[in-house]
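Novice: I am attaching a structure below and will ask some questions about it afterwards.
2 protein chains.
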Amino acid sequence: MINVAIADDHSIVLNGLQKILALHPDIKVTDVYLNGDSLLEGLDVKQPDVLLLDIQMPGKNGIEVAGIVSKKFPEVKMIALTNVDILIQVKKMLQKGCLGYLLKDASPEILVEAIKTVHTGEQFLYEPLSRQLVNNFFSQNSKQLTRREKEILQLITEEHTNQEIADKLFLSLRTVENHRNNLLQKLDVKNTAGLVKIAIQEGLVK
Amino acid sequence: MINVAIADDHSIVLNGLQKILALHPDIKVTDVYLNGDSLLEGLDVKQPDVLLLDIQMPGKNGIEVAGIVSKKFPEVKMIALTNVDILIQVKKMLQKGCLGYLLKDASPEILVEAIKTVHTGEQFLYEPLSRQLVNNFFSQNSKQLTRREKEILQLITEEHTNQEIADKLFLSLRTVENHRNNLLQKLDVKNTAGLVKIAIQEGLVK
DNA sequence: GAAAATATAGGTGTAACTACCCAATTTTAT
DNA sequence: ATAAAATTGGGTAGTTACACCTATATTTTC
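Residue numbers (our numbering), protein chains in the order written: chain R, 1 to 206; chain X, 1001 to 1206.
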């Protein structure tokens, strides 16, 4: 019998997971929480075998919560849940100790499989995501932006010109131009439009 | 007794809605569908009073389906369901005849209220969305892009230069430049970065 | 402490974008 | 049928971005 706790601020999702898991005799949903704080309180009282953890939650988000849980209760196996597959979030959750990662459009079968897999201590990554992660791994060296580059990329997406960025950061125009060119090369895009798209999808802005 | 049908490709959401609505004696979930096509087949056999319709679905999406349903079965009250509040989608769904609009983070109470409201023929818009719609209404005149402008905006976000766009659309470079300038003015942004941001947040790309 | 990576800034040139004009034609709406 | 809006294209000018170099501090990393 696997004891499962769920933390998700969406009532609909919470109920859906409960209903699906109720059909399985070897899985028991012992606790449900609507946010990260009440989850942390609850865990102090009792710990489940497996924790389904939503990433987007008001207050403490899933990434923060995962870090706390893995430190205080390393024996709890965590599965991250999300409706959007933003790679940077996936990576962060895995770094924080999540054993599994699921999109909310997963089928009941996949869901159950994931719970059983992480319960044994193995990792479970939803197929479309693991493929993306592998692809990302091979191109990550070229995608690792420095602090300054991120700073400048952010200002670019905020519609500033190179000159404005230079003034704001007390740099030469040339320096900013160089950083911008390096960004274009590292991110393998052609122009500002490409930079902004990547900045948004990587969660650097907005 | 209100008969409700649900169409959503997410099993978790489907189960969640069923579980929540099962608690209410005057609401009965008569049919559930995992995609638009099976929904349309099912409706030919019998029609519910209220239809909960997901927007993002594989195959026919919610917007297409809503158009078809409202023509064939105008007596079915539709509520659009989505996890992201993209204004342009809200507007389209309402144009297609949806009486209600809900985000998937809605509470069970809101959900039930929405179903009961549209069943009487009244409109139900989830509060955060209706506020946005009102705000949008006052600024919409300046934000209403023409077909050509949208086309060009999309090509800009795909990293094409004006010259490339001109070649692709068999236009003069000047024409494209003019459209681009009009876009900058209409959307009240300063440069390409601003254009791309709006294009993404309005769901024109990606 | 040495090596690698990062941040800085300059040179030079071209391509692309932005900011104003104006006007003819076609499409859409009333 | 007429007015309004959209599409097309041109003129002129200035600014900004992009490409491809070199080079020296400074910081990080091992």
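Ideal Cβ placement from N, Cα and C applies to all residues, glycine included.
Give the C-beta separation of X:K1019 and R:Q18 to the nearest angstrom, bearing in mind that I take them to be a contact with Cβ-Cβ under 8 Å.
Specialist: About 7 Å; that satisfies the 8 Å criterion.
Novice: Can you name the residues of chain R whose CB is closer than 7 Å to the CB of X:H1010?
Specialist: Neighbours of X:H1010 on chain R, chain order: K104, D105.
Novice: For the candidate residues X:K1091, X:D1009, X:Q1047, whose alpha-carbon lies nearest to that of X:M1057?
Specialist: Selected option, being the one with the closest Cα: X:D1009.
Novice: Please name the residue, chosen from X:F1073, X:K1071, X:N1182, X:L1034, that lies closest to R:A106 on a Cα-to-Cα basis.
Specialist: The shortest C-alpha separation from R:A106 is found at X:L1034.
Novice: Using a cut-off of 9 Å between C-beta atoms, extract the partners of X:G1203 located in chain R.
Specialist: Those do not exist, as X:G1203 stays about 13 Å from chain R at its closest Cβ, beyond 9 Å.
Novice: Counting only Cβ-Cβ distances shorter than 8 Å, please list the residues of the segment 11-30 of chain R near chain X, keeping chain order.
Specialist: Correct list: S11, I12, V13, L14, N15, G16, L17, Q18, K19, I20.
Novice: Could you please give the first and the last residue of the uninterrupted beta strand (DSSP E) stretch that includes X:V1205?
Specialist: First-last for X:V1205: undefined, no H or E at that position.
Novice: Along the beta strand (DSSP E) that carries R:D54, what are the first and last residues, could you check?
Specialist: Residues 50-54.
Novice: Label X:M1078 either buried or exposed according to how many other C-beta atoms from any shown protein chain fall within 10 Å of its C-beta, with 16 as the threshold for buried.
Specialist: Buried is the call here.
Novice: Determine the direct distance from the alpha carbon of X:T1117 to that of X:P1108, and round the result to whole angstroms.
Specialist: Distance between the alpha carbons of X:P1108 and X:T1117 is about 14 Å.
Novice: State buried or exposed for X:A1114, treating a residue as buried only when at least 16 other CB atoms are found within 10 Å of its CB.
Specialist: With 16 or more Cβ atoms within 10 Å of its Cβ, X:A1114 is classed as buried.
Novice: Which residues, taken in chain order from the segment 165-192 of chain R, show a beta carbon closer than 8 Å to some beta carbon of chain X?
Specialist: Within the segment 165-192 of chain R, the residues whose Cβ lies closer than 8 Å to some Cβ of chain X are V189, K190, N191, T192, listed in chain order.
Novice: Tell whether a beta-carbon distance below 8 Å holds between X:V1045 and X:L1053.
Specialist: Not a contact, by the Cβ cut-off of 8 Å.
Novice: Could you have a look at R:M1 and say whether DSSP puts it in helix, strand or coil?
Specialist: The answer is coil: DSSP assigns R:M1 none of H, G, I, E or B.
Novice: Tell me whether the beta-carbon of X:T1157 lies closer than 8 Å to the beta-carbon of R:A193.
Specialist: Contact flag set, yes.
Novice: Apart from the five residues just before and just after X:I1063, which ones in its own chain have a Cβ nearer than 8 Å to its Cβ?
Specialist: If we look at X:I1063 and ignore the five residues flanking it on each side, its Cβ neighbours are I1055, Q1089, K1092, M1093, K1096.
Novice: Provide the residue(s) that pair with X:F1073 in DSSP beta bridges, ordered along the chain.
Specialist: Looking at the DSSP assignment, X:F1073 forms no beta bridge with any residue, so it has no partner.
Novice: In whole angstroms, what is the alpha-carbon distance linking R:V205 and X:V1013?
Specialist: Their Cα atoms are separated by approximately 29 Å.
Novice: Which residues in the same chain as X:I1068 place their Cβ atom closer than 7 Å to its Cβ, once the five residues preceding and following it in sequence are excluded?
Specialist: Within the same chain, X:I1068 has close Cβ partners L1040.
Novice: In the DSSP assignment, the alpha helix (DSSP H) including X:L1017 goes from what residue to what residue?
Specialist: Here the alpha helix (DSSP H) through X:L1017 covers 1011-1022.
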